[in-house]
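Accompanying notes for the structure given below.
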Amino acid sequence: MSNQSTVVALKVDVDTYAGTRDGVPRLVELLGRFGIRATFYFSLGPDNSGKVIKRIFKKGFLRKMFRTGAPSAYGLRTMLYGTILPPPYIAERLPDVIFGVEQSGHEVGIHCWDHVKWHDYLPWLPKQAALMELGRASAAFEDIFGRRARTTAAPGWTVTPDSLEIQDAMGLFFCSDSRGTHPFYPVMEGRRFTTLQIPTTWPTLDEILGENGITLDTINDHYLSLIKPGLNVHTIHAELEGNAYTETFTRLLERLIDKGVRFATLGEAAQEYADAAPDCELQMSYTGGRAMPVAIQGG
Ligand SMILES: [Zn+2]
1 MSNQSTVVAL
11 KVDVDTYAGT
21 RDGVPRLVEL
31 LGRFGIRATF
41 YFSLGPDNSG
51 KVIKRIFKKG
61 FLRKMFRTGA
71 PSAYGLRTML
81 YGTILPPPYI
91 AERLPDVIFG
101 VEQSGHEVGI
111 HCWDHVKWHD
121 YLPWLPKQAA
131 LMELGRASAA
141 FEDIFGRRAR
151 TTAAPGWTVT
161 PDSLEIQDAM
171 GLFFCSDSRG
181 THPFYPVMEG
191 RRFTTLQIPT
201 TWPTLDEILG
211 ENGITLDTIN
221 DHYLSLIKPG
231 LNVHTIHAEL
241 EGNAYTETFT
251 RLLERLIDKG
261 VRFATLGEAA
271 QEYADAAPDC
281 ELQMSYTGGR
291 AMPVAIQGG
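full-length UniProt numbering puts the first residue of the sequence shown at 1, with every later residue one more than the last.
Below, the structure is given as structure tokens:
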């Protein structure tokens with residue numbers, strides 16, 4: 001893989017029980033049809049998506065919910081998990097679906113144990129609690145794959161120095177917790193961490209759909225305009241591209257193939273870029289189209 005060629009790595013975040021059950025097999029089938037290998041990150045513990053309703057009271061969330069059609073994309077049951085319906089434990093209920101992703105040739109890693117808890121509360125969790133979240137996810141991952149995970153990707157691109165320290169201690173090959181431009185080693189609040197970060201370089205579908213006149217008819221034009229030489233990382237969701245937006249995503253893959261881009265897994269990209277990766281600042285701040293701050297690569 002040469003740095004000069006154009007490479008696209010697809011990162012698939014799987015947030016929910018329904019997304020694992022329905023969206024993951026659909027994406028595996030679609031990617032298989034094109035012979036593309038991607039990197040899937042699984043939520044392995046309880047699906048507490050219903051608790052997300054609380055976020056309605058946070059700025060911008062309601063607008064985003066309706067812009068992306070989230071209630072229909074996620075389904076009514078999912079919106080009730082962890083509130084009036086008990087949360088399903090994803091790895092326990094769907095081990096074969098998760099295992100099948102690697103069997104189909106894709107790379108696999110840990111998204112989290114409890115997505116809602118990490119995304120909404122990480123900055124306020126004691127280190128011990130963050131350790132517990134990653135520890136339980138690691139154990140569930142090992143139960144399914146018979147080995148330890150080599151990569152994690154934080155829910156909602158939410159990190160703290162504590163979570164980065166825990167990830168360093170896990171001996172991971174690389175992480176994909178951030179938004180930015182190129183692979184790097186993170187420096188956060190004055191501390192330098194040793195696990196390579198492969199940042200997501202493009203905005204997600206739910207961030208840009210409905211913004212600046214971008215529609216389902218034009219969103220792929222927008223993505224094509226973002227392609228840069230070197231590594232491009234696109235995060236998709238089993239709940240979105242694997243559900244209501246599969247058609248649009250299929251057209252994107254066709255256009256990327258037409259353009260002659262090469263697809264790589266994040267692990268292949270990490271292999272290529274680890275040696276040359278610089279140290280860069282990492283901090284939580286706000287980005288367009290998202291109600292919560294995300295970890296953004298700085299200089
Ligand atoms: Zn997620």
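Heads up, the beta-carbon is just placed ideally off N, CA and C, and yes, glycines get one too.
Notebook entry, point to check: With contact counted as at least three CB pairs below 8 Å, one residue from each stretch, are the segment 199 to 206 and the segment 217 to 234 in contact?
Noted result: Yes, the segment 199 to 206 is in contact with the segment 217 to 234.
Checklist line | Nonlocal neighbours in the same chain, by C-beta distance under 6 Å from L231, ignoring five residues either side | finding: So the qualifying residues of the chain are V7, A269.
Next item on the list: Report buried or exposed for Y41, applying the criterion of at least 16 other Cβ atoms within 10 angstroms of its Cβ.
Entry: Classification for Y41: buried.
Margin query: Assuming the contact rule is C-beta atoms closer than 8 Å, A129 and F141 should be a hit. Round their C-beta distance to whole Å, please.
Written below: Distance from A129 to F141 at the Cβ level is roughly 19 Å; contact not present, criterion being Cβ atoms closer than 8 Å.
Notebook entry, point to check: So residue 316 is in the beta strand (DSSP E); what residue range does that whole segment cover?
Noted result: Not covered by the structure: residue 316. The range shown for the chain is 1 to 299.
Margin query: Could you compute how far the alpha carbon of I56 sits from the alpha carbon of A91?
Written below: Interpretation of I56 is limited by its pLDDT of 49, a score under 50 that renders its predicted location unreliable; no figure is taken from the coordinates.
Notebook entry, point to check: To which residues of the same chain is P87 closer than 7 Å at the C-beta, ignoring the five residues directly before and after it?
Noted result: So the qualifying residues of the chain are P46, D47, N48, Y81.
Margin query: Considering only the alpha carbon of each residue, which of P123, G100, G289, G35 lies closest to E211?
Written below: Answer by Cα proximity: G289.
Note to self: Strictly closer than 5 Å from CB to any heavy atom of ligand 1: give me those residues in the order they appear in the chain.
What the structure shows: Any heavy atom of ligand 1 counts here; residues with a Cβ closer than 5 Å to one of them, in chain order, are D13, D15, P155.
Item checked: Inter-residue CB distance, E107 and T39 (contact presumed, cutoff 8 Å) -> With a beta-carbon spacing of about 4 Å, E107 and T39 fall inside the 8 Å limit used to define contacts.
Check: Since A276 is in the beta strand (DSSP E), which residue starts that stretch and which ends it?
Finding: Boundaries cannot be given for A276, as no beta strand (DSSP E) includes it and DSSP labels it neither H nor E.
Notebook entry, point to check: If we ignore side chains and look at the alpha-carbon of each, how far apart do A137 and C112 end up?
Noted result: For A137 and C112, the distance between alpha carbons rounds to 6 Å.
Check: Measuring CA to CA, which of E29, D114, F34 is closest to T16?
Finding: Nearest C-alpha to T16: D114.
Next item on the list: List the residues that DSSP assigns as beta-bridge partners of G230.
Entry: Listed as beta-bridge partners of G230 by DSSP are T6.
Check: Does the segment 21 to 39 come within contact of the segment 236 to 245, defined as at least 3 CB pairs closer than 8 Å?
Finding: Under the 8 Å Cβ criterion, the segment 21 to 39 counts as touching the segment 236 to 245, having at least three qualifying pairs.
Margin query: Between T195 and L216, how many whole angstroms is the CB-CB distance? I'm expecting something under 8 Å.
Written below: In fact, because the Cβ distance is near 36 Å, the residues do not count as touching under 8 Å.
Next item on the list: Pick out whichever of F34, G35, R77, S5 has its Cα sitting closest to the Cα of G19.
Entry: Comparing Cα positions, the closest option is R77.
Notebook entry, point to check: Which residues does DSSP pair with F40 in a beta bridge?
Noted result: F40 pairs with V12, V108.
Check: Counting along the chain, where does the beta strand (DSSP E) carrying M188 start and finish?
Finding: First-last of the beta strand (DSSP E) with M188: 185 to 188.
Checklist line | Residue closest to G75, alpha-carbon to alpha-carbon, out of V294, E254, G23 | finding: The residue with the shortest Cα to Cα distance from G75 is G23.
Checklist line | Classification of D258 by the beta-carbon crowding that lies within 10 angstroms, buried from 16 upward | finding: Exposed is the call here.
Next item on the list: Give me the Cβ distance between S5 and R262, rounded to the nearest whole Å; I'm assuming they're in contact under 8 Å.
Entry: With 8 Å as the limit, S5 and R262 qualify as a contact, their Cβ atoms being about 6 Å apart.
Check: Under a three-way DSSP split, which group does L256 fall into?
Finding: Residue state, collapsed to three classes: helix.
Check: Is it right to say R179 is buried, meaning 16 or more other beta carbons lie within 10 angstroms of its own, or is it exposed?
Finding: When all chains shown are included, R179 counts as buried.
Notebook entry, point to check: Would you report the Cα separation of L256 and P25, rounded to the nearest angstrom?
Noted result: In a straight line, the C-alpha of L256 is about 22 Å away from that of P25.
Next item on the list: Round the Cβ separation of F34 and L226 to the nearest angstrom and send it over; I've been treating them as touching at under 8 Å.
Entry: Going by Cβ atoms, the distance from F34 to L226 rounds to 20 Å, so no, they are not a contact pair.
Next item on the list: Compute the beta-carbon to beta-carbon distance between L94 and R21, rounded to the nearest angstrom, for a pair I have assumed lies under 8 Å.
Entry: 6 Å between Cβ atoms; contact.
Margin query: Quick check on DSSP: helix, strand or coil for S163?
Written below: The answer is helix: DSSP assigns S163 an H, G or I state.
Next item on the list: Consult DSSP for F193 and reduce its assignment to one of helix, strand or coil.
Entry: Assigned with DSSP and collapsed to three states, F193 falls in coil, not helix or strand.
Margin query: Checking the sheet assignment: what are the DSSP bridge partners for I236?
Written below: DSSP output for I236 lists V12 as bridge partner(s).
Item checked: Pairwise C-alpha distance: P186 and T235 -> The alpha-carbon atoms of T235 and P186 are separated by roughly 20 Å.
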